[in-house]
Amino acid sequence: MKTGVLLVNLGTPTAPTAKAVKTFLGQFLHDHRVVDVPRAIWCPVLHGVILPFRSPKVAKLYQSIWWPEGSPLMVVSRRQQAGLSAALQEAGIDMPVALGMSYGEPSIGTAWQELKDAGVDRIIILPLYPQYSVSTTASVFDSWARLMKPERMLPAFRFIRDYHDHRGYIQALAESVRDHWDAEGRTDLLLLSYHGIPKRFEDEGDPYGHQCHRTSELVAAELGLERHEWRTTFQSRFGREPWLQPYTDETMKALPGEGTKKVSVICPAFSADCLETLEEIAEQNKEIFMKAGGEAYHYIPALNDNPAHIRMMMDLVCRELV
Numbered sequence: 204m205k206t207g208v209l210l211v212n213l214g215t216p217t218a219p220t221a222k223a224v225k226t227f228l229g230q231f232l233h234d235h236r237v238v239d240v241p242r243a244i245w246c247p248v249l250h251g252v253i254l255p256f257r258s259p260k261v262a263k264l265y266q267s268i269w270w271p272e273g274s275p276l277m278v279v280s281r282r283q284q285a286g287l288s289a290a291l292q293e294a295g296i297d298m299p300v301a302l303g304m305s306y307g308e309p310s311i312g313t314a315w316q317e318l319k320d321a322g323v324d325r326i327i328i329l330p331l332y333p334q335y336s337v338s339t340t341a342s343v344f345d346s347w348a349r350l351m352k353p354e355r356m357l358p359a360f361r362f363i364r365d366y367h368d369h370r371g372y373i374q375a376l377a378e379s380v381r382d383h384w385d386a387e388g389r390t391d392l393l394l395l396s397y398h399g400i401p402k403r404f405e406d407e408g409d410p411y412g413h414q415c416h417r418t419s420e421l422v423a424a425e426l427g428l429e430r431h432e433w434r435t436t437f438q439s440r441f442g443r444e445p446w447l448q449p450y451t452d453e454t455m456k457a458l459p460g461e462g463t464k465k466v467s468v469i470c471p472a473f474s475a476d477c478l479e480t481l482e483e484i485a486e487q488n489k490e491i492f493m494k495a496g497g498e499a500y501h502y503i504p505a506l507n508d509n510p511a512h513i514r515m516m517m518d519l520v521c522r523e524l525v
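In the working numbering, each number is its position in the sequence shown, counted from 1, plus 203.
Right, here's the structure in full:
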């Protein structure tokens, strides 16, 4: 059997325009794994209120972080695909690597067709979400299952559910923090900010929050930090119901008053820099912290196509060959 790798991430608008953002958000927020409100209630709100009013605002945010080559998430994801492919080739492993997005293009279906054309009949699916959540990883599985429904001959496949405590992942994060501190100076606090999910999801069995805390504990241990030198928070909440806490923005507002004047922030749940890291964390939360009396704020970039990150991906994939 010929094996191929399917890397999957969330996706991104094709352009920083209201029209492109509306198309992307429409697909993303229509996913029942993301918003599980009954469709009869949710769809009129989504199409009548959220998309018309939110899309132009979000488009302006994308414009502030858009790279000359395109969307940061897409640019980095393509580099990750190329990096993993090159690493496999250098190791003498014939394994094509395709990239698919849960929302937008290239779709998971496009990536599957690319692998089929390469003669692949065994797939290793790697969602680039270190911590499992029903709203991300499970959505990838749903998409794969729908894609397989019309297939007469199903490929064999392995699905990597999470890697929140993978040794290589923890070491790569710690190395990234050390390198940043060597270049910019160590701060009073390392804050590990994760994308949030509704608290209700956790109450119903989603292990995401627990896995985030475990990742933070392992990174802190790898760095030799004392308990007062690091914190875990959750960002990017949406809607009115409670999400996982403490919230990143509220924490930033409070830290200077508690005596923490210098902070470094890393976002371990994001495998690639995107709107939520480059705008929400590197810009919005920096402004909140500095206005509250902070003196120094440093955003530590996502692992992106860092060689240590690529090595970790290769290890995850090669483990599934056994």
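C-beta: ideal position from N, C-alpha, C; glycine also. Only a predicted model underlies this, so the values are computations on that prediction, with no experimental measurement involved.
- Message: Report the CB separation of Ser336 from Asp234 in whole angstroms; it is logged as a contact under 8 Å.
- Response: What you label residue 336 is simply residue 133 of the sequence shown in a count that begins at 1. What you label residue 234 is simply residue 31 of the sequence shown in a count that begins at 1. Contact flag wrong, Cβ pair sits at about 12 Å.
- Query: Considering only residues of the same chain and omitting the five flanking positions on each side of Ala262, which have a CB-CB separation below 7 Å?
  - Reply: Counted from its first residue, the sequence shown places residue 262 at position 59. Result list for Ala262: Pro219, Thr220, Ala221, Val224, in chain order.
- Message: Suppose you measure from the CA of Glu425 to the CA of Leu376; what does that come to, to the nearest Å?
- Response: In the sequence shown, the residue the question calls residue 425 occupies position 222. In the sequence shown, the residue the question calls residue 376 occupies position 173. If you take the alpha carbons of Glu425 and Leu376, they lie about 9 Å apart.
- Task: Could you pull out every residue in the same chain whose Cβ sits closer than 6 Å to the Cβ of Met351, ignoring the five residues on either side in sequence?
- Result: The sequence position of residue 351 within the sequence shown is 148, counting from 1. Here the set comprises Leu357.
- What are the start and end residues of the beta strand (DSSP E) that includes Tyr166? With the chain covering only 204 through 525, there is no way to say anything about residue 166.
- Query: If Ser342 and Val237 are in contact, beta carbons under 8 Å, what's the gap, nearest whole angstrom?
  - Reply: Translated into the one-based positions of the sequence shown, residue 342 becomes position 139. Translated into the one-based positions of the sequence shown, residue 237 becomes position 34. With a Cβ gap of about 7 Å, Ser342 and Val237 count as contacting.
- Message: Using C-beta distances below 6 Å, list every residue in its chain close to Thr454, excluding the 5 sequence neighbours before and after it, in chain order.
- Response: The count along the sequence shown starts at 1 and reaches residue 454 at position 251. If we look at Thr454 and ignore the five residues flanking it on each side, its Cβ neighbours are Thr436.
- Message: On a Cα-Cα basis, can you pick out the residue from Pro459, Lys494, Pro259 that is closest to Thr390?
- Response: Against the sequence shown, residue 390 aligns to sequence position 187. The shortest Cα separation from Thr390 among Pro459, Lys494, Pro259 belongs to Pro459.
- Item | Proximity below 9 Å, CB of Arg522 to CB of Ala290 | For the purposes of this step, residue 522 is taken as residue 319 along the sequence shown, with counting starting at 1. For the purposes of this step, residue 290 is taken as residue 87 along the sequence shown, with counting starting at 1. Result no, Cβ atoms of Arg522 and Ala290 do not sit closer than 9 Å.
- Answer with buried or exposed for Met304, where buried requires no fewer than 16 other C-beta atoms within 10 angstroms of its C-beta. The residue labelled residue 304 in the question sits at position 101 within the sequence shown. So Met304 counts as buried.
- Message: With H, G and I counted as helix, E and B as strand and the rest as coil, what does DSSP make of Ile253?
- Response: As a working mapping, residue 253 is identified with position 50 in the sequence shown. Helix, per DSSP.
- Message: Does Thr435 come out as helix, strand or coil in the three-state DSSP assignment?
- Response: In the sequence shown, the residue the question calls residue 435 occupies position 232. Strand, per DSSP.
- Item | Gly214 burial status per 10 Å Cβ neighbour count (16 or more: buried) | In the sequence shown, counting from the first residue as 1, residue 214 sits at position 11. It counts as buried.
- Query: To which residues of the same chain is Val278 closer than 8 Å at the C-beta, ignoring the five residues directly before and after it?
  - Reply: The sequence position of residue 278 within the sequence shown is 75, counting from 1. Excluding sequence neighbours, Val278 sits near Trp270, Glu272.
- Task: Pick helix, strand or coil for Lys465, following the three-state DSSP scheme.
- Result: Walking along the sequence shown from the start, residue 465 turns up at place 262. DSSP places Lys465 in strand when its eight states are reduced to three.
- Query: Any idea which residues DSSP pairs Leu329 with across the strands?
  - Reply: Start at 1 with the first residue of the sequence shown, and residue 329 comes out as number 126. Partner(s): Leu210.
- Message: Runs of 4 residues minimum, wholly inside the segment 384-421: which ones carry the alpha helix (DSSP H) assignment?
- Response: 402-406
- Could you give the distance in angstroms between the alpha-carbon of Arg281 and the alpha-carbon of Leu302? Position 78 of the sequence shown, counted from the start, is the residue given in the question as residue 281. Position 99 of the sequence shown, counted from the start, is the residue given in the question as residue 302. About 7 Å.
- So what does DSSP say about Trp245, is it helix, strand or coil? Start at 1 with the first residue of the sequence shown, and residue 245 comes out as number 42. Three-state result, Trp245: helix.
- Would a C-beta distance cut-off of 9 Å place Lys465 and Leu392 closer than the cut-off? As a first step, residue 465 must be located in the sequence shown, where it is residue number 262. As a first step, residue 392 must be located in the sequence shown, where it is residue number 189. Cβ atoms of Lys465 and Leu392: closer than 9 Å.
- Applying the criterion that 16 or more other CB atoms from any shown protein chain within 10 Å of the CB defines a buried residue, is Glu387 buried or exposed? Taking the first residue of the sequence shown as position 1, residue 387 is located at position 184. Its Cβ having fewer than 16 others within 10 Å, Glu387 is exposed.
- Query: CB Leu232 to CB His369, shorter than 9 Å?
  - Reply: Indexing the sequence shown from 1 puts residue 232 at position 29. Indexing the sequence shown from 1 puts residue 369 at position 166. Contact flag unset, no.
- Item | Residue closest to Val525, alpha-carbon to alpha-carbon, out of Thr313, Pro275, Ile327 | Working through the sequence shown from its first residue, we reach residue 525 at position 322. Of the candidates Thr313, Pro275, Ile327, the one whose C-alpha sits nearest the C-alpha of Val525 is Ile327.
- Item | As assigned by DSSP and simplified to three states, the class of Val300 | Within the sequence shown, the letter at position 97 stands for residue 300. Three-state result, Val300: strand.
- Neighbourhood of Glu428 by C-beta, 8 Å cutoff - its chain only, sequence neighbours within 5 removed: Indexing the sequence shown from 1 puts residue 428 at position 225. The residue you asked about is not Glu; residue 428 is Leu in the sequence shown. Result list for Leu428: Leu393, in chain order.
- Limits of the unbroken alpha helix (DSSP H) element including Arg361: Taking the first residue of the sequence shown as 1, we reach residue 361 at position 158. Counting along the chain, Arg361 falls outside any alpha helix (DSSP H), though it belongs to the beta strand (DSSP E) covering 359-362.
- Opposing strand residues paired with Tyr450 [DSSP bridges]: To locate residue 450, count along the sequence shown from 1; it is residue 247. Phe437.
- Task: Less than 8 Å between the CB atoms is what I'm expecting for Gly412 and Glu405, so what's the real figure, rounded?
- Result: Start at 1 with the first residue of the sequence shown, and residue 412 comes out as number 209. Start at 1 with the first residue of the sequence shown, and residue 405 comes out as number 202. The Cβ separation is near 5 Å, so the contact holds.
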